[in-house]
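Notes follow once the structure below has been shown.
Number of protein chains: 2
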Amino acid sequence: MMIEAFKEYHIEIEEINILDATDRVLAEAVVAKENVPEFNRSTVDGYAVKSSDTHGASESIPSFLTLLGEIKMGEEAKVKISSGEAIYVPTGGMIPEGTDAVIMIEYAEKLDDATLMVYRPQSVGENVILKGDDIKAGERIIEKGKKLTPQDIGVLAAIGASKINVYKRPRFFIISTGDELVDLDEELTMGKVRDINSYALYSLIIKLGGEISGSSIVRDDFELLRSSVENALEASDVVIISGGSSVGTRDYTSKVINSFKGKGVFVHGVSIKPGKPTIIGEGKGKVIFGLPGHPVSSIIIFKVFIEYFIKHLLNIKENINKTTAILDFNFPSSPGKETYQTVNIVERNGKNYAIPTFGKSGMITLLSKSDGYIVLKPHEEGILKGEEREVYLL
Amino acid sequence: MMIEAFKEYHIEIEEINILDATDRVLAEAVVAKENVPEFNRSTVDGYAVKSSDTHGASESIPSFLTLLGEIKMGEEAKVKISSGEAIYVPTGGMIPEGTDAVIMIEYAEKLDDATLMVYRPQSVGENVILKGDDIKAGERIIEKGKKLTPQDIGVLAAIGASKINVYKRPRFFIISTGDELVDLDEELTMGKVRDINSYALYSLIIKLGGEISGSSIVRDDFELLRSSVENALEASDVVIISGGSSVGTRDYTSKVINSFKGKGVFVHGVSIKPGKPTIIGEGKGKVIFGLPGHPVSSIIIFKVFIEYFIKHLLNIKENINKTTAILDFNFPSSPGKETYQTVNIVERNGKNYAIPTFGKSGMITLLSKSDGYIVLKPHEEGILKGEEREVYLL
Chain A
41 MMIEAFKEYH
51 IEIEEINILD
61 ATDRVLAEAV
71 VAKENVPEFN
81 RSTVDGYAVK
91 SSDTHGASES
101 IPSFLTLLGE
111 IKMGEEAKVK
121 ISSGEAIYVP
131 TGGMIPEGTD
141 AVIMIEYAEK
151 LDDATLMVYR
161 PQSVGENVIL
171 KGDDIKAGER
181 IIEKGKKLTP
191 QDIGVLAAIG
201 ASKINVYKRP
211 RFFIISTGDE
221 LVDLDEELTM
231 GKVRDINSYA
241 LYSLIIKLGG
251 EISGSSIVRD
261 DFELLRSSVE
271 NALEASDVVI
281 ISGGSSVGTR
291 DYTSKVINSF
301 KGKGVFVHGV
311 SIKPGKPTII
321 GEGKGKVIFG
331 LPGHPVSSII
341 IFKVFIEYFI
351 KHLLNIKENI
361 NKTTAILDFN
371 FPSSPGKETY
381 QTVNIVERNG
391 KNYAIPTFGK
401 SGMITLLSKS
411 DGYIVLKPHE
421 EGILKGEERE
431 VYLL
Chain B
41 MMIEAFKEYH
51 IEIEEINILD
61 ATDRVLAEAV
71 VAKENVPEFN
81 RSTVDGYAVK
91 SSDTHGASES
101 IPSFLTLLGE
111 IKMGEEAKVK
121 ISSGEAIYVP
131 TGGMIPEGTD
141 AVIMIEYAEK
151 LDDATLMVYR
161 PQSVGENVIL
171 KGDDIKAGER
181 IIEKGKKLTP
191 QDIGVLAAIG
201 ASKINVYKRP
211 RFFIISTGDE
221 LVDLDEELTM
231 GKVRDINSYA
241 LYSLIIKLGG
251 EISGSSIVRD
261 DFELLRSSVE
271 NALEASDVVI
281 ISGGSSVGTR
291 DYTSKVINSF
301 KGKGVFVHGV
311 SIKPGKPTII
321 GEGKGKVIFG
331 LPGHPVSSII
341 IFKVFIEYFI
351 KHLLNIKENI
361 NKTTAILDFN
371 FPSSPGKETY
381 QTVNIVERNG
391 KNYAIPTFGK
401 SGMITLLSKS
411 DGYIVLKPHE
421 EGILKGEERE
431 VYLL
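Protein chains in written order, with my numbering: chain A, 41 to 434; chain B, 41 to 434.
Given below as structure tokens:
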């Protein structure tokens, strides 16, 4: 539903240097303009030969070839080799026209400067990477939506692509609501708590590859929240309203979202646990997420909804970071709700076990002490100790 | 041996804002200066009560309490509650002295503005987070060596820690050697290849949390390489000399390292496959790695040796990124060598299978098409299809 509502959404594209491209998301497929390698290349230190000249060669009856000198590393092999001839080539060097194999120095011996004895038959292509063997010019080598790894950067360098088109970093604006919130540099008086969510969300956004166009703490007041959201809609692609753990705040978060031109709130309260007070809406063409005030719920909802949304938006192909583990506990279901249970993973006898972590509602330490979480579908009647399940890593 | 040789090595510490701390490594344990929360806090919208006043309450025989109004969100609860009294508290609000539980609004009803009927008994502490329940002042909450996650940033915000001490990013200098190398902006003439390793290593260093203090491409020449390494030793913590796939280059890489004051080369050729020409040495108190010229070997050696070294240096506690998978193939061993086999992971019927990826020596696409690698120990006599093994993710 969320995806359907935002199918017109798009993130702009920018050209960047591949040195800045680690973890950026490719906005269009990359097609190789060069072959890799551009020439037939030796994979060993040895002698380039016509393989047919070595057939029947052995320790007792070597083949005798005329040695023509050497090809130097990084130089073009301009010589043409005829039957009965050989030439020295270093690892990575170009093998000349007329040759189709390289015999390793271990299996050959120089009788004199012009004569080589070869002790082993070579097959066609032995110890050679042919032109285009690694990458062919015209080949699509990396697909749109790829989050670029060091290996991908290596591939881009191999084909001489110094600049590529990636999606711009999605811009987020974080608004924390709540009369109880004080920022880190403020004095913590009785009844107040630190604004945790802005900081945790900031870090989640950075890890997701986004950037923060702004953030603010807003009192529980309709007009203040509305003007803050209006400002945020101008400055960003995604607006996150965090908090409002009480019923009243939730209500006017919806009212604020509905006050802008657009679809307004279309998801109000998701049936997952924890995470009830989650709102998804649209205003002025931008997506607005209303996240629960509890830090634990807030972080899990971010990972479940916002990460999913951004991955869809940027066509990201990568799987979610997860592993499997054997449950070390029986766990009851919450009928009709998707339940997210935080766990730790411990290794015993080479197998991973998931152990539940528990804490009272709203504890931030619950998450920092957990490795990940498991998901129970609404129809499941609980899970039994010994079952193997997927663990989504935090 | 490497660790022993560099036990005096250390990376400096710097103080940074927690907004910049994602994935940085904590250089000293963090001790909480505040309690979280600093007061007894309600986890629901409801009425703060003395639990003893609700004992025996039921739908048919409710307890009647005197309602004293409400505590507002973010305000100090200055009132003191006596037996027989109750007061409204929102989720996250402070509960007043004299109360020890909060009854949810669903289980209570206002008879008039001053009278509350309670339909359910409450136990001590029900729906309340006590002062310090989440974090106690004086508690060590994050250990030295922790690579900081969004959850950790949340915890730091919770205790009001806006600045923390982390290790400075280790500075790397990358030197690529080889007469065959041309940079991305140069023309690719016959016999030459693009400098792949500098770019792949650059990206690996960024992902590892390091920074690049410089890089250069150097011809196969002792004096040029020596002056380049001398410059690199001044500017960085770790010097990487990449390439020199031929025997000759390897030899004078060693000579260059040995020409500086220090221990010189103490690991020359590691018995792992691929990765033979790996060199580890010390010059002028800095660590110098000589990596093989083949991009695949180079990346794997980086992950195996350099990542390990940096993790040790910064006391990083995180495990290596790995998962388990069932081998879908028989694989022979290389006796006496540790063998690294690249694989893809595919899911079938909810289980992960590892399928080998093969390519000729030196192919960069081999790695970009693989998800990870498995390690065969030197003493292993190969592995059989159906065995479950750890896969180190690339």
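Glycine included, C-beta positions come from ideal geometry on N, C-alpha and C.
Quiz item: A/I16: which of B/D63, B/I51 and B/E428 sits nearest, CA to CA?
Solution: This structure leaves residue 16 of chain A out entirely; chain A is present only between 41 and 434.
Quiz prompt | A/L434 vs A/S373 beta-carbon contact at 8 Å | solution = no
Exercise. Run down chain B in chain order and give the residues with a C-beta less than 7 Å from the C-beta of A/I246.
Key: T62
Quiz item: When you check each C-beta in the region 79-100 of chain A against every C-beta of chain B, which residues fall closer than 9 Å?
Solution: Only those residues of the region 79-100 of chain A whose C-beta falls short of 9 Å from the nearest C-beta of chain B are listed: F79, R81, T83, V84 and D85.
Quiz item: How many Å lie between A/A240 and A/L331 at the Cα?
Solution: 13 Å
Quiz item: So with Cβ pairs under 8 Å, would you call B/P418 a contact of chain A?
Solution: So, not an interface residue.
Quiz prompt | Chain-ordered neighbours of A/A240 on chain B, where CB pairs are closer than 8 Å | solution = Within 8 Å of the CB of A/A240, the CB atoms of chain B belong to P190, Q191, I193, G194 and A197, in sequence order along the chain.
Exercise. With DSSP collapsed to three states, give me the class of B/K295.
Key: Annotated three-state conformation of B/K295 is helix, per DSSP.
Quiz item: Of all the alpha helix (DSSP H) runs that stay within the bounds of the region 344-429 of chain B, which reach a length of 4 or more residues?
Solution: Counting only runs of 4 or more, we get 347-353 and 405-408.
Self-check item: At least three beta-carbon pairs within less than 8 Å, the region 201-211 of chain B to the region 43-59 of chain A
Solution: no
Practice problem: Tell me where the alpha helix (DSSP H) around B/D192 begins and ends. | Solution: P190 to A198
Exercise. From the DSSP output, read off the bridge partner residues of B/V279.
Key: B/F213 and B/I328
Quiz item: Since A/S82 contacts A/D93 with CB under 8 Å, what's their CB separation in whole angstroms?
Solution: Incorrect: roughly 17 Å between the Cβ atoms, too far for contact.
Exercise. Go ahead and pull the three-state DSSP assignment for B/T94.
Key: helix
Quiz prompt | Contacts of A/D277 in chain B (Cβ-Cβ under 7 Å) | solution = Neighbours of A/D277 on chain B: none; closest Cβ ~19 Å, over 7 Å.
Quiz prompt | Through-space distance from B/M144 to B/S91, alpha-carbon basis | solution = Distance between the alpha carbons of B/S91 and B/M144 is about 13 Å.
Quiz item: In or out: B/P77 buried (at least 16 other Cβ within 10 Å) or exposed?
Solution: When all chains shown are included, B/P77 counts as buried.
Quiz prompt | Minimum Cβ-Cβ distance from A/T139 to chain B less than 8 Å | solution = no
Exercise. With distances taken Cα to Cα, identify the nearest neighbour of A/I385 among A/I257, A/K377 and A/P396.
Key: A/P396
Quiz item: What number of angstroms, rounded off, separates the C-alpha of A/D260 from the C-alpha of A/D219?
Solution: 6 Å
Self-check item: Under 7 Å (Cβ pairs) to chain B, residues found in the region 199-216 of chain A
Solution: G200 and S202
Practice problem: Check distances from the C-beta atoms of the region 146-177 of chain A to those of chain B and list, in chain order, the residues that come in under 8 Å. | Solution: I169, D173, D174 and I175
Quiz item: Residues in its own chain within less than 6 Å of B/L221 by CB, not counting five upstream and five downstream?
Solution: Scanning its chain for C-beta atoms nearer than 6 Å, with the 5 sequence neighbours on each side dropped, one finds around B/L221 the residues D235 and I257, in chain order.
Quiz item: What number of angstroms, rounded off, separates the C-alpha of A/K120 from the C-alpha of A/I111?
Solution: Taking the CA atoms as reference points, A/K120 sits about 12 Å from A/I111.
Quiz item: Is it a yes or a no for the region 221-233 of chain A touching the region 321-330 of chain A, going by three-plus beta-carbon pairs under 8 Å?
Solution: Segments in contact, no.
Quiz item: Would you report the Cα separation of A/S100 and A/A69, rounded to the nearest angstrom?
Solution: Using only the alpha carbons, I get a separation of about 55 Å.
Practice problem: Determine the burial state of A/K73: buried for a count of at least 16 other Cβ atoms within 10 Å of its Cβ, exposed for fewer. | Solution: exposed
Quiz item: Relative to the C-alpha of A/A272, which residue among A/R429, A/F262 and A/S253 is closest?
Solution: A/S253
Quiz prompt | Beta-carbon spacing of B/I215, B/V269 below 8 Å | solution = Their beta carbons are under 8 Å apart, which means B/I215 touches B/V269 by this criterion.
Quiz prompt | Proximal residues, the region 324-344 of chain A versus chain B, C-beta separation under 8 Å | solution = Those residues of the region 324-344 of chain A that come within reach of chain B (Cβ to Cβ, closer than 8 Å) are G333, P335 and I339.
Quiz prompt | Chain-ordered chain A contacts of B/K400 [CB-CB under 7 Å] | solution = T83, I169 and D173
Quiz prompt | Neighbourhood of B/I175 by C-beta distance below 7 Å, restricted to the same chain and skipping five residues each side | solution = A72, N75, V76, I181, A198 and I199
Practice problem: Give the DSSP bridge partners of B/K303, in chain order. | Solution: In the DSSP output, where bridge partners are listed per residue, B/K303 has none listed.
Exercise. Return the chain-ordered list of same chain residues with a C-beta closer than 7 Å to the C-beta of B/G138, the five sequence neighbours on each side being excluded.
Key: K90, K120, I121 and S122
Exercise. Kindly indicate if chain A contains any beta-carbon less than 8 Å away from that of B/A117.
Key: yes
Quiz prompt | Contact belief for B/A117 with B/M134 at Cβ below 8 Å, rounded distance in angstroms | solution = 4 Å
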